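Asker: Got a structure for you, questions after.
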Amino acid sequence: MEFSLPGLLGAAVGSAVGVIDFSVIAMLVRRGAERRQLADPARAFAPKQVELVLKVLFVVNLCVFAGLGYWFGSTIGG
18 MEFSLPGLLG
28 AAVGSAVGVI
38 DFSVIAMLVR
48 RGAERRQLAD
58 PARAFAPKQV
68 ELVLKVLFVV
78 NLCVFAGLGY
88 WFGSTIGG
């Protein structure tokens, strides 16, 4: 299996975009968990649950953006 240089560069750029996108998503998830904690402490999420969700979101987000970046880079670069 061969990897193209434009595809790898696209994957690197896609990964960077994915990390930036994740920071926005993480902020929204944490803010929502805090609001739920303040509104009804009995129904609040445990901090471990929130961290697990964020870890899963990070992995999925990074894989999707790296894959899209590789596809876009190899399509544009030939």
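Under our numbering, the first residue of the sequence shown carries the number 18, and numbering increases by one thereafter. We treat Cβ as the ideally placed atom computed from N, Cα and C, and that holds for glycine. Source: prediction; values computed, not measured.
(1) Closest to residue 84 by C-alpha separation, out of 76, 28, 39 and 19, would be which residue?
(2) How should residue 24 be labelled, buried or exposed, when 16 other C-beta atoms within 10 angstroms of its C-beta is the threshold for buried?
(3) In this structure, does DSSP put residue 49 in helix, strand or coil?
(4) When the Cα atoms are used, what is the spatial distance from residue 77 to residue 64?
(5) Could you spell out the range, first to last residue, of the alpha helix (DSSP H) harbouring residue 68?
(6) For residue 67, collect the residues of the same chain with a Cβ closer than 8 Å to its Cβ; drop the 5 residues on either side in sequence, then sort them by chain order.
Answerer: Taking the coordinates as given:
(1) Mapped onto the sequence shown, residue 84 falls at position 67. It is 28.
(2) The count along the sequence shown starts at 1 and reaches residue 24 at position 7. Buried, by the Cβ-count rule.
(3) Residue numbering aside, residue 49 sits at position 32 when the sequence shown is read from its first letter. Correct three-state label for residue 49: helix.
(4) For the purposes of this step, residue 77 is taken as the residue at position 60 of the sequence shown. For the purposes of this step, residue 64 is taken as the residue at position 47 of the sequence shown. So the alpha carbons of these two residues sit roughly 20 Å apart.
(5) Position 51 of the sequence shown, counting from 1, holds the residue named residue 68. Here the alpha helix (DSSP H) through residue 68 covers 64 to 94.
(6) Along the sequence shown, read from residue 1 onward, the residue named residue 67 stands at position 50. Hits under 8 Å: 46, 47 and 50.
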